[in-house]
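Per the working numbering, the sequence shown starts with residue 1042, numbered consecutively. For every residue, glycine included, the Cβ atom is placed at its ideal position computed from N, Cα and C. To keep things clear, I will list the structure first and then write my remarks on it.
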Amino acid sequence: MSKQTINRISHLLKHWPTDAVRPASVSVQTYLQSRLPSTQPQQQPSPKVEISEASLNALSSLLEDRYARRYPLPPKLRRPASNPDHYDNVVKEFEEAPGRDFWGRVGKRLRGLFRFT
């Protein structure tokens, strides 16, 4: 693996935002970390799968929000007339979910089952 590829993967690892909802075993950081050469000697060398240049370019594009700037969402799509706060509520729920304890999850589920408004 070339030094430039290692530097690009390290840059992506350092700047990629963590996802509090997704398990660490399937995160982008874990995927990229598995593509870096290990510094400690292993008992059995496992075959390292190289990451393609196209994959690195795609991840860099996503990190820089290149597609969001090139193809911005129209306001009507972001805030539909039927429920203008829907996507804001989804984002708020994703931010609150990791910190919720067992009883908080049970209460949230019961409130979802029995909506009286």
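Beta-carbon contacts of V1062 that lie in its chain and below 8 Å, excluding the five residues immediately before and after: Numbered from 1 along the sequence shown, position 21 holds the residue referred to as residue 1062. The answer, listed in chain order, is F1135, A1138, P1139.
From which residue to which residue does the alpha helix (DSSP H) around S1101 run? What you label residue 1101 is simply residue 60 of the sequence shown in a count that begins at 1. 1094-1104 is the extent of the alpha helix (DSSP H) around S1101.
May I have the straight-line CA-CA distance separating S1079 from P1113, to the nearest angstrom? Residue numbering aside, residue 1079 sits at position 38 when the sequence shown is read from its first letter. Residue numbering aside, residue 1113 sits at position 72 when the sequence shown is read from its first letter. Near 40 Å, if we compare the C-alpha coordinates of P1113 and S1079.
Span of the alpha helix (DSSP H) around Y1128: As a first step, residue 1128 must be located in the sequence shown, where it is residue number 87. Run containing Y1128: 1127-1137, per the alpha helix (DSSP H) assignment.
Since W1057 and V1067 should fall inside the 8 Å C-beta cutoff, what is the C-beta to C-beta distance between them, to a whole number of angstroms? Within the sequence shown, the letter at position 16 stands for residue 1057. Within the sequence shown, the letter at position 26 stands for residue 1067. No, W1057 and V1067 are not in contact; Cβ-Cβ is about 14 Å, not under 8 Å.
Ignore the nearest five residues each way along the sequence and tell me which others in S1102's own chain have a CB closer than 7 Å to its CB. Position 61 of the sequence shown, counting from 1, holds the residue named residue 1102. Result list for S1102: Y1108, in chain order.
Could you give the DSSP three-state label for P1116: helix, strand or coil? Taking the first residue of the sequence shown as position 1, residue 1116 is located at position 75. It is helical.
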